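Engineer:
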Amino acid sequence: MNYKKGIYTLILQLHASTAKEVGKLGVLHLKRGFYAYTGSARGAGGFKRICRHIDVLSGRNTTRRWHIDHLLPETSFRCAVISPTDQNLECVIAEGIGATGEPINGFGCTDCSCAAHLHFADEDGYEHLLDAVVGAHVSAGGDALIWCAPKSQ
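Letter by letter, the sequence shown follows residues 2 to 154 in our numbering.
So, in structure tokens, the structure goes:
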């Protein structure tokens, strides 16, 4: 098994409702709460893509390349669920999360026919969303390895 590449889902916390201009999607009105973003890290950089997302979130990288790049600076990182794989499970996992999380239509899925690769849960829904993400990874055949942010003191 190649543990350098695969599929990931970031769980992010948006602390205040916001309106964001997101490319061709236009202005999105995003509610305070938790968001699960599913993406592929099967390219040359593999799971280094997650580090890039964290660099955008923290402001160390200001390039806006993907839909998620517009949301990241407004959020805090809660955890990443990764499934090392050579298989393209991204859409299966995103659809599985969509059974629980509210889809943000069109977000992160310009290269497929999915409804969304970003899903919302309200501010009390972190544990429920995490369970849905892990369940979607496992149901798709992934390992669902969890990497959480250190707790602040």
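Even glycine gets a Cβ: it sits at the ideal position worked out from N, Cα and C.
None of the values given here were measured: they were computed from a predicted structure.
Under the three-state reduction of DSSP, which class applies to Glu-124: helix, strand or coil?
Structural biologist: Along the sequence shown, one-based indexing puts residue 124 at 123. Coil, per DSSP.
Engineer: Which residue wins for smallest C-alpha separation from Gly-107, given the options Ile-8, His-118, Val-28 and Val-139?
Structural biologist: One-based indexing of the sequence shown puts residue 107 at position 106. It is His-118.
Engineer: Name the DSSP bridge partner or partners of Ser-41?
Structural biologist: Position 40 of the sequence shown, counting from 1, holds the residue named residue 41. Per DSSP, Ile-8.
Engineer: Work out the CA separation of Ala-45 and Gly-99 for me, nearest whole Å.
Structural biologist: By 1-based counting over the sequence shown, the position of residue 99 is 98. By 1-based counting over the sequence shown, the position of residue 45 is 44. Distance between the alpha carbons of Gly-99 and Ala-45 is about 28 Å.
Engineer: Thinking C-alpha only, which one of Arg-61, His-120 and Val-134 is nearest Ile-105?
Structural biologist: To locate residue 105, count along the sequence shown from 1; it is residue 104. Minimum Cα distance to Ile-105 is reached at His-120.
Engineer: Does the distance from the CB of Gly-47 to the CB of Lys-5 come in under 8 Å?
Structural biologist: Working through the sequence shown from its first residue, we reach residue 47 at position 46. Working through the sequence shown from its first residue, we reach residue 5 at position 4. For Gly-47 and Lys-5, yes; Cβs fall inside 8 Å.
Engineer: Where do the ends of the alpha helix (DSSP H) carrying Ile-55 lie?
Structural biologist: Translated into the one-based positions of the sequence shown, residue 55 becomes position 54. Unbroken alpha helix (DSSP H) run through Ile-55: 49–59.
Engineer: What separation, rounded to the nearest whole angstrom, lies between the Cα atoms of Val-28 and Glu-22?
Structural biologist: The residue you call residue 28 lines up with position 27 of the sequence shown. The residue you call residue 22 lines up with position 21 of the sequence shown. In a straight line, the C-alpha of Val-28 is about 4 Å away from that of Glu-22.
Engineer: Whose C-beta lies closer than 6 Å to the C-beta of Gln-154 among residues of the same chain, with five residues either side of it excluded?
Structural biologist: Your numbering for residue 154 matches position 153 in the sequence shown. Any reading at Gln-154 needs caution, since the residue's pLDDT is 39, under 50, leaving its predicted position unreliable; the model's value is listed next. There are no such residues.
Engineer: What is the rounded straight-line gap between the Cα of Tyr-127 and the Cα of Phe-35?
Structural biologist: One-based indexing of the sequence shown puts residue 127 at position 126. One-based indexing of the sequence shown puts residue 35 at position 34. Roughly 6 Å between the two C-alpha positions.
Engineer: Gly-142 and Pro-85 - do their beta-carbons sit closer together than 8 Å?
Structural biologist: The sequence position of residue 85 within the sequence shown is 84, counting from 1. The sequence position of residue 142 within the sequence shown is 141, counting from 1. Taking 8 Å as the Cβ cut-off, Pro-85 and Gly-142 do not qualify as a contacting pair.
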